[in-house]
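Peer 1: There's a structure below that I have some questions on.
Protein chains: 2
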Amino acid sequence: MPKNCNFIEKLREVGLRPTKQRIKMCEVLYNREKTFHFTINDLVKMISEKMNEKISLATVYNTVHAFEKKGYLKEISIDSHKSYFDTNTSAHHHFFDEDTHELIDCDESDIDKINIKKNITGKKINSVEVLVRVASDNQTQK
Amino acid sequence: MPKNCNFIEKLREVGLRPTKQRIKMCEVLYNREKTFHFTINDLVKMISEKMNEKISLATVYNTVHAFEKKGYLKEISIDSHKSYFDTNTSAHHHFFDEDTHELIDCDESDIDKINIKKNITGKKINSVEVLVRVASDNQTQK
DNA sequence: ATCTACATTATAATAATTCTAAACTATTGA
DNA sequence: TCAATAGTTTAGAATTATTATAATGTAGAT
Chain U
7 MPKNCNFIEK LREVGLRPTK QRIKMCEVLY NREKTFHFTI NDLVKMISEK
57 MNEKISLATV YNTVHAFEKK GYLKEISIDS HKSYFDTNTS AHHHFFDEDT
107 HELIDCDESD IDKINIKKNI TGKKINSVEV LVRVASDNQT QK
Chain S
7 MPKNCNFIEK LREVGLRPTK QRIKMCEVLY NREKTFHFTI NDLVKMISEK
57 MNEKISLATV YNTVHAFEKK GYLKEISIDS HKSYFDTNTS AHHHFFDEDT
107 HELIDCDESD IDKINIKKNI TGKKINSVEV LVRVASDNQT QK
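Chain order of the listed sequences is U and S. The numbering of the first sequence is my numbering, which starts it at 7 and goes up by one. The numbering of the second sequence is my numbering, which starts it at 7 and goes up by one.
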């Protein structure tokens with residue numbers, strides 16, 4: 007687990023000032039064994055639990071978006087009401103459990119590389135994302 | 007192009023009352039050569055342009071959601087700020103042009119069938135959606 | 001024609017996100 | 001070291017998108 011000075015370095019590298027709020031968010035997001043998925047709401051709860059000082063909601067939004075822009079976070083949009091952020095920023099796909107509203111990472115080996123045959127003139131592919139929606143077997147299909 | 011009586015039939019079939027607002031919306035959405043993508047905002051504009059009578063915003067939301075639940079429309083979520091509906095409800099994938107914010111259908115032939123090797127116990131796959139984000143070649147990558 | 005259940009409407013309420021402007025802080029370089 | 005300055009945080013207001021409410025209207029059945 008990296009110590010805070012690593013976060014300071016990392017933030018500097020991408021041109022973000024290592025303010026105490028950003029460092030605290032780095033700790034909450036990256037001082038853990040595994041990558042994970044969260045909503046802004048989740049994150050606000052997590053921060054206020056782990057911190058004695060307050061953090062403004064606006065700061066959480068700003069910082070999440072700053073991190074996203076710099077490639078520290080990736081957004082995964084499920085529908086107009088549910089949007090997650092992923093601390094795993096490498097290219098990978100997801101399962102979404104429609105019963106529990108849980109987002110599950112796909113390993114690289116779970117889905118073959120996707121071959122796009124269509125080419126849109128003058129455009130390059132930025133990303134290819136697969137979302138597999140699953141639900142309990144005995145439940146009516148969405 | 008189907009005439010309105012077909013819409014009345016269709017609505018009845020899925021258990022929706024063929025009210026004049028729903029029929030009007032069917033006309034706007036399905037009286038066209040090709041399927042297309044729209045946001046709620048787009049739709050409200052289109053309806054108010056094509057109609058002399060007013061339609062309430064609440065009705066547009068209700069009707070779109072009723073249509074979605076009955077399988078007349080499919081939602082495609084791009085990010086937390088952009089959500090489209092698609093009148094093409096068959097299983098297919100999409101390109102999203104990050105420059106123009108345009109959503110483009112993939113033909114079945116554009117992407118090979120996706121083989122999911124992972125199995126989540128007790129869960130069945132409801133859908134598999136691929137979103138390919140593209141952008142102008144000479145632009146910085148998102 | 002009348003009844004009943006469902007739909008529509010305008011408006012209010014809610015929720016999520018962004019804006020604002022003042023106070024604050026990290027960095028720069030004198 | 002210490003101001004200058006450029007970027008950041010903050011609380012709260014503003015905005016936007018969506019849903020709820022309750023009164024009125026309408027389709028379909030009898």
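All C-beta atoms, glycine included, are put in the ideal place defined by N, C-alpha and C.
Anything in chain U within Cβ reach of Gly21 (chain S), meaning under 7 Å, just list it in chain order.
Peer 2: Correct list: empty, because the minimum Cβ distance to chain U is about 15 Å.
Peer 1: Going by Cα to Cα distance, which pick from U:Lys40, U:Val34, U:Ser133, U:Asn58 is closest to Leu49 (chain U)?
Peer 2: Nearest of U:Lys40, U:Val34, U:Ser133, U:Asn58 to Leu49 (chain U), Cα basis: U:Val34.
Peer 1: Beta-carbon separation of Phe91 (chain S) and Val70 (chain S) under 8 Å?
Peer 2: Cβ atoms of Phe91 (chain S) and Val70 (chain S): closer than 8 Å.
Peer 1: Is Val134 (chain S) closer than 8 Å to Ile120 (chain S) when the C-beta atoms are compared?
Peer 2: Contact flag set, yes.
Peer 1: Any C-beta of chain S sitting closer than 8 Å to the C-beta of Glu81 (chain U)?
Peer 2: Cβ-Cβ to chain S under 8 Å: yes for Glu81 (chain U).
Peer 1: Taking Ile117 (chain S) as the reference, which of S:Met52, S:Ser83, S:Phe101 has the closest Cα?
Peer 2: Here the closest residue by C-alpha is S:Phe101.
Peer 1: The region 133-144 of chain S: which residues have C-beta closer than 7 Å to a C-beta of chain U, in chain order?
Peer 2: If the cut-off is 7 Å between Cβ atoms, the region 133-144 of chain S has Ser133, Val134, Glu135, Val136, Leu137, Val138, Arg139, Val140, Ala141, Ser142, Asp143 near chain U.
Peer 1: Compare the beta carbon distance of Asp105 (chain U) and Ser142 (chain U) with 8 Å and say whether it is the shorter of the two.
Peer 2: Yes, they are a contact pair.
Peer 1: Among all the DSSP beta bridges, which residues are the ones paired with Arg139 (chain S)?
Peer 2: Its beta-bridge partners are U:Ser133, S:Phe102.
Peer 1: From the beta carbon of Thr146 (chain U), is the nearest beta carbon of chain S less than 8 Å away?
Peer 2: Note that Thr146 (chain U) scores 47 on pLDDT, short of 50, meaning its location in the model is unreliable and no value can be drawn from it.
Peer 1: By DSSP, does Ile46 (chain U) sit in helix, in strand, or in coil?
Peer 2: Helix at Ile46 (chain U).
Peer 1: Less than 8 Å between CB atoms is the rule here; does Ile53 (chain U) satisfy it with respect to chain S?
Peer 2: Cβ-Cβ to chain S under 8 Å: no for Ile53 (chain U).
Peer 1: Should the region 46-61 of chain U be called in touch with the region 73-83 of chain U, which here means at least 3 C-beta pairs below 8 Å?
Peer 2: Flag = no, the region 46-61 of chain U and the region 73-83 of chain U do not touch.
Peer 1: For the beta strand (DSSP E) containing Glu81 (chain U), list its first residue and its last residue.
Peer 2: 80-85 is the span of the beta strand (DSSP E), which, as asked, contains Glu81 (chain U).
Peer 1: Could one say the Cβ of Lys129 (chain U) lies closer than 8 Å to chain S's Cβ atoms, at least one of them?
Peer 2: Yes, Lys129 (chain U) counts as interfacial toward chain S.
Peer 1: Tell me which same chain residues have a C-beta within less than 7 Å of the C-beta of Ala72 (chain S), skipping the five on either side of it?
Peer 2: These residues qualify, in order along the chain: Leu22.
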